[in-house]
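Below: one structure, written as structure tokens.
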Amino acid sequence: MAKRKGANRGRVILVAGGAGFVGSHLCSALLGAGNRVICLDSYLTGSPDNVAALQRNPYFTMVEQDVCDEIVSDEPLDEIYNLACPASPPSYQADPIHTMMTSVTGTGNLLRLAARHGARFLQASTSEIYGDPQQHPQQEEYWGHVNCTGPRACYDEGKRAAEALCFDSLRAGSVDAKVARIFNTYGPHMRPNDGRIVSNFVVQALNNEPLTVYGSGEQTRSFCYVSDLVEGLIRLMNRDPNPGVPVNLGNPGEFTVIELAELVLSKVRTASAIVHAPLPPDDPQRRRPDISRAKSLLGWEPKVPLQDGLTHTIAWFQRALPQQPPMRRRGRPARQPEMSVLSQDL
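Per full-length UniProt numbering, the sequence shown starts with residue 1, numbered consecutively.
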């Protein structure tokens, strides 16, 4: 890893997966707080565009590398955030073996790097470790309801294994490791084709295409704006003493998929209607975090309402997407069960 450019300043922080959706916002926030940031990303799902503006900052370094390869640094590191893993089902199912190894081998490599440098470590885990939950809302003590051999297992079980590595390292005294379980997050820098529910709906509406709802649309999700999530991650990293337990980070507001679709349609001038398609395998029916632990340990809870966050997100996609021809009018919702399946998770 190349030596950092620029004079000494603040902490030296490595963000693995830092060119991704959440990672790029985290890098920006850490730089804004006076730190030096090393962004490590393979660009498998991250994008150089997400960190293009940061490259002009002398306290930012970009390293293109896969976390599954050995990671070295020729300067001391104070903190390591691990956000390196595809996070949407179409992305992590495209190469499920690599997804699993990113969570296992990649996390192991980063933990060893943290141990060598005496760096604090934060693992970005996921609400997917709860699977299709039988507890609602989901508390951190819940062990989950996961299909360990299904098409989502590469991500669900990979993240569960990564958590085990973190807590074993903590118990062994080798790494001050912390685990955040991230629930549905949205905002600028999402990939237009990543298959997540917010980006799906916004892009479809802006392109005057049908909004694809899987199943009845009565399944629920919670939506946390990215700036709120980033604040939670930083608070958890800086929390003393180490809580020694995973912490849910997400917005406890619960919305049905249909409600989200209608909200997007109310905010975009579009000819789009709602169509229905078959539900993907192992798709969670209800998803909502219990954030009592985050409130008590971190003094954290989300502040950005879904209405406001969607407005910012739609505005960003309007700038990022190619301009579409003007819409004529929005049609009435229709049902088309033959539609192809993308995911509405995360």
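Don't be surprised by glycine CBs; every beta carbon is placed ideally from N, CA and C.
- Item | Whether Glu-128 touches Asp-95 by CB criterion (7 Å) | If you check the CB distance, Glu-128 and Asp-95 do not come in under 7 Å.
- Message: Going by C-alpha to C-alpha distance, which of Leu-229, Phe-201, Gln-93 sits closest to Gln-318?
- Response: From the listed residues Leu-229, Phe-201, Gln-93, the smallest Cα separation to Gln-318 is found for Phe-201.
- Query: Does the separation of the CB atoms of Gly-17 and Asp-41 fall below 7 Å?
  - Reply: In this structure, the beta-carbon distance from Gly-17 to Asp-41 falls below 7 Å.
- Query: Taking just the CA atoms, how far does Gly-108 sit from Ile-97?
  - Reply: Spanning the two alpha carbons is a distance of roughly 16 Å.
- Item | Proximity to Gly-299 [Cα-Cα], best of Val-37, Gly-32, Asp-228, Ala-277 | The candidate whose alpha carbon is nearest that of Gly-299 is Asp-228.
- Mind listing, in chain order, the continuous alpha helix (DSSP H) runs of no fewer than 4 residues lying wholly within the stretch 256 to 297? Whole alpha helix (DSSP H) segments, 4+ residues: 257 to 267.
- Could you have a look at Pro-58 and say whether DSSP puts it in helix, strand or coil? Three-state result, Pro-58: coil.
- Item | Ordered list of alpha helix (DSSP H) runs contained in the stretch 75 to 112, each at least 4 residues | Segments of the alpha helix (DSSP H) lying fully in the stretch 75 to 112: 89 to 94, 96 to 101.
- Evaluate contact between the stretch 272 to 282 and the stretch 159 to 179, counting only Cβ atoms and requiring at least three cross-stretch pairs below 8 Å. No: the two stretches stay apart, fewer than three of their Cβ pairs being nearer than 8 Å.
- Message: One question on the structure: do Ala-271 and Asn-208 come within less than 7 Å of each other, judged by their Cβ atoms?
- Response: In contact: Ala-271 and Asn-208 (Cβ atoms closer than 7 Å).
- Of all the alpha helix (DSSP H) runs that stay within the bounds of the stretch 179 to 206, which reach a length of 4 or more residues? Fully enclosed alpha helix (DSSP H) runs of no fewer than 4 residues occupy 197 to 206 of the stretch 179 to 206, in order along the chain.
- Query: Counting Cβ pairs, one atom from each stretch, are 3 or more of them under 8 Å apart for the stretch 205 to 220 and the stretch 240 to 260?
  - Reply: They touch, by the three-pair rule.
- So, residue 360 versus Thr-212, is the Cβ gap smaller than 7 Å? No information on residue 360 is available, as it lies outside the stretch 1 to 346 that the chain covers here.
- Task: Give the DSSP-derived three-state secondary structure of Pro-326 in the structure shown.
- Result: Because Pro-326 carries a pLDDT of 49, less than 50, the predicted location of this residue cannot be relied on, and no value is offered for it.
- Item | Three-state secondary structure assigned by DSSP to Ile-13 | Three-state DSSP puts Ile-13 in a strand.
- Message: Residues in the same chain with beta-carbon distance under 6 Å from Val-146, minus the five sequence neighbours each way, listed in chain order, please.
- Response: The beta carbon of Val-146 lies closer than 6 Å to those of Gly-131, Asp-156 in the same chain, with the five residues before and after it left out.
- Task: State yes or no: is the C-beta of Ala-114 within less than 7 Å of the C-beta of Val-15?
- Result: No, these two residues do not count as a Cβ contact at 7 Å.
- Same chain, Cβ closer than 7 Å to Ala-161, neighbours up to 5 away in sequence not counted: Same-chain partners within the cutoff: Ser-103, Val-104.
- Task: Compare the beta carbon distance of Ala-29 and Leu-77 with 7 Å and say whether it is the shorter of the two.
- Result: Going by C-beta atoms, Ala-29 is not nearer than 7 Å to Leu-77.
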